[in-house]
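For reference, the structure is listed below as structure tokens.
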Amino acid sequence: MMDEGTELSLTIAQIVQRLKATHLHSQIERQAKECLHRPEIQLESLKEDVRNFLKASGWERKLQNAVYRELHVQPLPSHPAAPPEHAKEPLAYMRKAQVNWEKRILKSLNSMCTELGVPLARKRPAVEQKELTNKWNEMGTDEPDLSRFRPVYAPKDFLEVLISLRNPNHDSSEEASAKSHWGLIQVPLHDRDIPQMREAYSELSLTTGQLGIDDHTHVPPDLFESEHTRIGKKVVNEQDSAAAQQYSRQGCPTGLRADLWALILNSTNEPEDVMHYEQLKAGVIHHDLLVDNLIYKDVKLTASNDDYYFVFEDFLYQVLLCFSRDTAVLEHFSYNSATPPKSYIQGKVGVEEFAVVYPPNGVIPFHGFSMYVAPLCFLYNEPSKLYSVFREMYVRYFFRLHSVSSSTSGIVSLCLQFERLLQTHLPQLFYHLREIGAQPLRIAFKWMVRAFSGYLSTDQLLLLWDRILGYDSLEIVAVLAAAVFAFRAENLMEVTSLTSAEVSVPRPQAGRLSPTHTHTGFHSGPWLLK
Numbered sequence: 001m002m003d004e005g006t007e008l009s010l011t012i013a014q015i016v017q018r019l020k021a022t023h024l025h026s027q028i029e030r031q032a033k034e035c036l037h038r039p040e041i042q043l044e045s046l047k048e049d050v051r052n053f054l055k056a057s058g059w060e061r062k063l064q065n066a067v068y069r070e071l072h073v074q075p076l077p078s079h080p081a082a083p084p085e086h087a088k089e090p091l092a093y094m095r096k097a098q099v100n101w102e103k104r105i106l107k108s109l110n111s112m113c114t115e116l117g118v119p120l121a122r123k124r125p126a127v128e129q130k131e132l133t134n135k136w137n138e139m140g141t142d143e144p145d146l147s148r149f150r151p152v153y154a155p156k157d158f159l160e161v162l163i164s165l166r167n168p169n170h171d172s173s174e175e176a177s178a179k180s181h182w183g184l185i186q187v188p189l190h191d192r193d194i195p196q197m198r199e200a201y202s203e204l205s206l207t208t209g210q211l212g213i214d215d216h217t218h219v220p221p222d223l224f225e226s227e228h229t230r231i232g233k234k235v236v237n238e239q240d241s242a243a244a245q246q247y248s249r250q251g252c253p254t255g256l257r258a259d260l261w262a263l264i265l266n267s268t269n270e271p272e273d274v275m276h277y278e279q280l281k282a283g284v285i286h287h288d289l290l291v292d293n294l295i296y297k298d299v300k301l302t303a304s305n306d307d308y309y310f311v312f313e314d315f316l317y318q319v320l321l322c323f324s325r326d327t328a329v330l331e332h333f334s335y336n337s338a339t340p341p342k343s344y345i346q347g348k349v350g351v352e353e354f355a356v357v358y359p360p361n362g363v364i365p366f367h368g369f370s371m372y373v374a375p376l377c378f379l380y381n382e383p384s385k386l387y388s389v390f391r392e393m394y395v396r397y398f399f400r401l402h403s404v405s406s407s408t409s410g411i412v413s414l415c416l417q418f419e420r421l422l423q424t425h426l427p428q429l430f431y432h433l434r435e436i437g438a439q440p441l442r443i444a445f446k447w448m449v450r451a452f453s454g455y456l457s458t459d460q461l462l463l464l465w466d467r468i469l470g471y472d473s474l475e476i477v478a479v480l481a482a483a484v485f486a487f488r489a490e491n492l493m494e495v496t497s498l499t500s501a502e503v504s505v506p507r508p509q510a511g512r513l514s515p516t517h518t519h520t521g522f523h524s525g526p527w528l529l530k
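Positions 1 to 530 (full-length UniProt numbering) are the ones given, in order, by the sequence shown.
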């Protein structure tokens, strides 16, 4: 263990090093040099005067937001003696499971490539490039034959990997309760109990106002909404990422949500961001990738068939095709348990210097991947802005939903948290469902792996995602999944099979979110459907 002083010094050094490589650093440096010619800058108080200028002109705030982003995205420095792979994932058995899973995915992709005789990548002929350029904003009108292509995997395949996880060094007989063996997830990870959650999520207390909820609170909804919106406008004007994050814990007003989320994520959409998006677009137009077909197929199978999202089909293609080419996404693999897949230049298989990351962003899309983007289309109608917000959401949160890790926001911990909440507070229900072969996780997993996208009405999904951003954690997704079962408990006690259980727990979007006192005992606001 490092002492606090050493850890702080290493953190500061890491952030300074990272920010030095950014466009913001060169902008601030240029502004500092230019301000030297201003009459109010005095030689005897140079340092203080330059600092005051940067503060008054808003550059200090931009720097603060950039530092805040680094603190939330990058992991804390590990001990100097720790192996580099520990920064990605400290538990060896988790790393091994992730490596084996990646091999399966890559094998599936390569098999498809061989079976269909389709190259992983090819340069588009000039005619095709021109055609794609002309229909860039109308790609949804295309009806390509995708019948031969199949998703490399679906969430249910990934669930089987998580179910098979075991810690070889753990003696299961040490467990205090037999309940721990009722669930599908059998790994000993630490999660928070209800009292700890009440403390961590204190803003979700029944005595605190919540936007989008008009009952079960002690605050008149109209009064709260008016005051909350007034404060929200002030937060946006101040351009303070930390304040925006704290504010969103009680929900974001519809008219301010887009600005607040961009502020929390420090997604600026500056000219260089727009230029980056245009470069990615050019990459899509010049080269065709096999994964493009997987993206087309996924959008057609999911968002295009959704009552809320089908109108955004063009946006989804634009964002996801650009995303697959974005090498900036590779940065997140420094703190992701996953490793970007590699392919080899033809004829050079196995020769490391001829290995290339494929796809360029290192992320192979799976069935349902487009649903991470779809809800954001309600907030941003400018493709470059939509793109930058989605990319930031992905490298902060969504990647954790499809990689094997011990992170508290990772999908393994969410599954474990969900099962433990039900086992602890609804043991009869859990035992009943287990006995009839309807393990609750088999029903809830598809909700959690998508952070409920496609399973809640859009207004409620955005309220949920407000809290994910506000608390910088996906933990609340597991709480919501447990609350759905708590609400349907009476009906579920009557079912006799997995099929009938799935019918008894319909798409949660039939209800609406409210922080009522539930069977789970999470008094300070578990989400419940009413």
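No residue lacks a Cβ here, since even glycine has one placed at the ideal position from N, Cα and C.
Look at the Cβ atom of Leu492, then the Cβ atom of Ser473, and state whether they are nearer than 8 angstroms. On the sequence shown, residue 492 is found 492 positions in, with the first residue counted as 1. On the sequence shown, residue 473 is found 473 positions in, with the first residue counted as 1. Not in contact: Leu492 and Ser473 (Cβ atoms no closer than 8 angstroms).
Measure the C-alpha to C-alpha separation of Asp193 and Val477 and round it to an integer number of angstroms. Residue 193 sits at position 193 when you count from the first residue of the sequence shown. Residue 477 sits at position 477 when you count from the first residue of the sequence shown. Rounded to the nearest angstrom, the two C-alpha atoms are 15 angstroms apart.
Do the segment 322 to 332 and the segment 373 to 391 make contact, defined as three or more Cβ pairs closer than 8 angstroms? yes
Would the beta-carbon of Leu498 fall within 8 angstroms of that of Ala438? In the sequence shown, residue 498 corresponds to position 498, counting from 1. In the sequence shown, residue 438 corresponds to position 438, counting from 1. With contacts defined by Cβ atoms closer than 8 angstroms, Leu498 and Ala438 form a contacting pair.
Tell me the DSSP bridge mates of Val356? Here residue 356 corresponds to residue number 356 of the sequence shown, with the count starting at 1. Ser343, per the DSSP bridge assignment.
DSSP state of Ala56 mapped onto helix, strand, coil: As a first step, residue 56 is located in the sequence shown; it is residue number 56 there, counting from the start. Here Ala56 sits in helix by DSSP.
Sequence-distant residues of its chain with Cβ nearer than 8 angstroms to Phe310 (five each side left out): The count along the sequence shown starts at 1 and reaches residue 310 at position 310. If we look at Phe310 and ignore the five residues flanking it on each side, its Cβ neighbours are Ala303, Ser304.
In the segment 428 to 504, which residue ranges form an unbroken alpha helix (DSSP H) of at least 4 residues, counting only runs that do not cross its ends? 440 to 449, 458 to 471, 475 to 487, 489 to 492, 498 to 504
Can you tell me which residues form a DSSP beta bridge with Arg122? For the purposes of this step, residue 122 is taken as residue 122 along the sequence shown, with counting starting at 1. BP columns for Arg122 point to Asp288.
Cα separation between Asn266 and Asn65? Reading the sequence shown from its first residue, position 266 is the one you call residue 266. Reading the sequence shown from its first residue, position 65 is the one you call residue 65. Rounded to whole angstroms, Asn266 to Asn65 spans 6 angstroms at the Cα level.
Would you call Leu223 buried or exposed, if buried means 16 or more other Cβ atoms sit within 10 Å of its Cβ? Looking up residue 223 in the sequence shown gives position 223. Result: exposed.
Whole-angstrom Cβ separation of Val50 and Ala21, contact assumed at under 8 angstroms? Along the sequence shown, one-based indexing puts residue 50 at 50. Along the sequence shown, one-based indexing puts residue 21 at 21. With 8 angstroms as the limit, Val50 and Ala21 do not qualify as a contact, their Cβ atoms being about 22 angstroms apart.
So does the segment 99 to 112 actually touch the segment 141 to 152, counting three or more Cβ pairs closer than 8 angstroms? These segments touch.
Candidates Ala56, Leu461, Ser403, Gln27, of which the one nearest Asn100 by Cα: Here residue 100 corresponds to residue number 100 of the sequence shown, with the count starting at 1. Residue Ser403 is the option with its Cα nearest to Asn100.
Which residue spans inside the segment 364 to 419 form an unbroken alpha helix (DSSP H) run of at least 4? If you keep only unbroken alpha helix (DSSP H) runs of at least 4 residues inside the segment 364 to 419, you get 383 to 396.
Can you check the segment 183 to 253 for any beta strand (DSSP E) of at least 3 residues that lies completely inside it and give the ranges in chain order? none
Using a 10 Å radius around the Cβ and a threshold of 16 neighbouring Cβ atoms, would you call His367 buried or exposed? The count along the sequence shown starts at 1 and reaches residue 367 at position 367. By the Cβ-count criterion, His367 is buried, with 16 or more other Cβ atoms from all chains shown falling within 10 Å of its own Cβ.
Would you give the residue range spanned by the alpha helix (DSSP H) that Gln27 belongs to? Stepping through the sequence shown from its first residue, residue 27 is reached at position 27. Element bounds for Gln27: 23 to 34.
When the Cβ atoms of the segment 455 to 463 are set against those of the segment 364 to 379, are three or more pairs found closer than 8 angstroms? yes
Count the C-beta pairs between the segment 277 to 289 and the segment 239 to 246 that are closer than 8 angstroms, then say yes if the count reaches three, no if not. no
Taking 7 angstroms as the cut-off, is the C-beta of Phe487 nearer than that to any heavy atom in the ligand GDP? Although the ligand GDP was asked about, the structure shown includes no ligands whatsoever.
Do you know whose CA, among Arg95, Val274, Gln239, Leu433, lies nearest Glu382's CA? To locate residue 382, count along the sequence shown from 1; it is residue 382. Nearest of Arg95, Val274, Gln239, Leu433 to Glu382, Cα basis: Val274.
Given Trp182, which residues of its chain have a CB within under 7 angstroms of its CB, disregarding the five upstream and five downstream residues? Position 182 of the sequence shown holds residue 182. The residues are Gln423, Phe430, Tyr431, Arg434.
On the three-state DSSP scale, how would you describe Val152? Here the question's residue 152 lines up with position 152 in the sequence shown. Looking at Val152 - three-state DSSP - the assignment turns out to be coil, as it is neither helix nor strand.
With a threshold of 16 other CB atoms inside 10 Å of the CB of Pro526, please say whether the residue is buried or exposed. Counting from 1 along the sequence shown, the entry for residue 526 is found at position 526. Below a pLDDT of 50, predicted positions are generally treated as unreliable, and Pro526, at 43, falls in that range; no measurement from the model is reported.
Judging by CA-CA distance, which residue of Leu63, Ile345, Asn361 is the nearest neighbour of Ala355? The residue labelled residue 355 in the question sits at position 355 within the sequence shown. Here the closest residue by C-alpha is Ile345.
Report the three-state DSSP secondary structure of Tyr68 (helix, strand or coil). Within the sequence shown, residue 68 is the residue found at index 68, counting from 1. Helix, per DSSP.
Whose C-beta lies closer than 8 angstroms to the C-beta of Thr141 among residues of the same chain, with five residues either side of it excluded? Translated into positions along the sequence shown, residue 141 becomes position 141. Lys135, listed in sequence order.
Taking just the CA atoms, how far does Cys35 sit from Phe53? For the purposes of this step, residue 53 is taken as residue 53 along the sequence shown, with counting starting at 1. For the purposes of this step, residue 35 is taken as residue 35 along the sequence shown, with counting starting at 1. Between Phe53 and Cys35, the C-alpha separation is close to 8 angstroms.
Take the Cβ of Glu199 as the centre, count every other Cβ of all protein chains shown within 10 Å, and call the residue buried at 16 or more, exposed below. As a first step, residue 199 is located in the sequence shown; it is residue number 199 there, counting from the start. Looking at its Cβ environment, which holds fewer than 16 other Cβ atoms inside 10 Å, Glu199 is exposed.
Do you know offhand how far Gln42's Cα is from Arg257's? As a working mapping, residue 42 is identified with position 42 in the sequence shown. As a working mapping, residue 257 is identified with position 257 in the sequence shown. In this structure, the alpha-carbon of Gln42 lies about 42 angstroms from that of Arg257.
Just to confirm, is the Cβ distance from Leu132 to Arg122 under 8 angstroms? On the sequence shown, position 132 is the one that residue 132 refers to. On the sequence shown, position 122 is the one that residue 122 refers to. Not in contact: Leu132 and Arg122 (Cβ atoms no closer than 8 angstroms).
Coil, strand or helix - Leu426 by DSSP: As a position in the sequence shown, residue 426 is number 426, starting the count at 1. It is coil, neither helix nor strand.
Pull up the distance between the alpha-carbon of Met112 and that of Ala338, whole angstroms please. For the purposes of this step, residue 112 is identified with residue 112 of the sequence shown, where counting begins at 1. For the purposes of this step, residue 338 is identified with residue 338 of the sequence shown, where counting begins at 1. Rounded to whole angstroms, Met112 to Ala338 spans 22 angstroms at the Cα level.
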